[in-house]
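The sequence shown begins at 423 in the working numbering and counts up one residue at a time.
In this text, a Cβ means the ideal position worked out from N, Cα and C, and glycines have one as well.
For reference, the structure is listed below as structure tokens.
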Amino acid sequence: MAGTILLVEDSLEAVELTRHALEECTLTDNAIIVAYDGQDAVDYLFGAGRYEGRDTADLPKVVLLDLRLPKLDGFEVLAKIRSSSRTRLVPVVMLTVSKLREDIRRSYELGANGYIIKALDYDAYHDAIIAACAYWLGINQGPY
């Protein structure tokens with residue numbers, strides 16, 4: 423079943439690498455929405471700012487959320503997602519370079535469904551995104 427992937431990432435290079443891998447995923451019917459900062463992600467999910475008037479009932483199948491973002495960081499975005507009864511069940515996977523145990527723990531405490539550390543090697547990064555796509559959009563049975 424087709425759906426939307428919300429990619430929240432401020433690095434243009436990471437956006438392109440992630441988009442390329444997601445487009446290769448066997449589930450190519452999924453739309454990829456990119457938010458380049460935390461506030462843009464929140465606006466998308468709640469139909470504010472440039473997304474005013476968007477059908478907010480159309481929730482993403484998964485949110486791939488970077489941790490270090492301008493305006494609102496990944497922790498703040500995750501907290502906002504989990505604080506709303508409408509969005510709290512949306513699967514959120516942290517996709518970040520941070521290997522810090524406290525970042526990993528805090529992400530799960532705030533309700534992250536997964537935590538992927540971005541590999542510095544292109545092939546390893548690509549494979550991780552393909553695996554995440556296969557799981558979250560194919561194998562996993564989401565709430566929406």
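>> For Tyr547 and Val512, I'd like the C-alpha separation in whole angstroms.
In response: 23 Å
>> How far does the alpha helix (DSSP H) with Ala443 in it extend, from its first residue to its last?
In response: Leu434 to Glu446
>> Classify Glu431: buried if its beta carbon has 16 or more other beta carbons within 10 angstroms, exposed otherwise.
In response: buried
> Using the C-alpha atoms, what's the distance from Cys447 back to Glu435?
Replying inline: 19 Å
>> For Ala550, which residues in the same chain have their Cβ closer than 7 Å to its Cβ, ignoring the five residues on either side in sequence?
In response: Ile538 and Ala541
>> Just to confirm, is the Cβ distance from Ile425 to Pro492 under 8 Å?
In response: Here residue 425 is Gly; the residue named in the question, Ile, does not match the sequence. Result no, Cβ atoms of Gly425 and Pro492 do not sit closer than 8 Å.
>> Using a 10 Å radius around the Cβ and a threshold of 16 neighbouring Cβ atoms, would you call Asp488 buried or exposed?
In response: buried
>> Can you tell me where the beta strand (DSSP E) holding Tyr537 begins and where it ends?
In response: Gly536 to Ile539
> DSSP three-state call for Leu522: helix, strand or coil?
Replying inline: coil
> What first and last residue would you give for the beta strand (DSSP E) that runs through Val484?
Replying inline: Val484 to Leu487
> Looking at the structure shown, is Val464 part of a helix, part of a strand, or coil, going by DSSP?
Replying inline: helix
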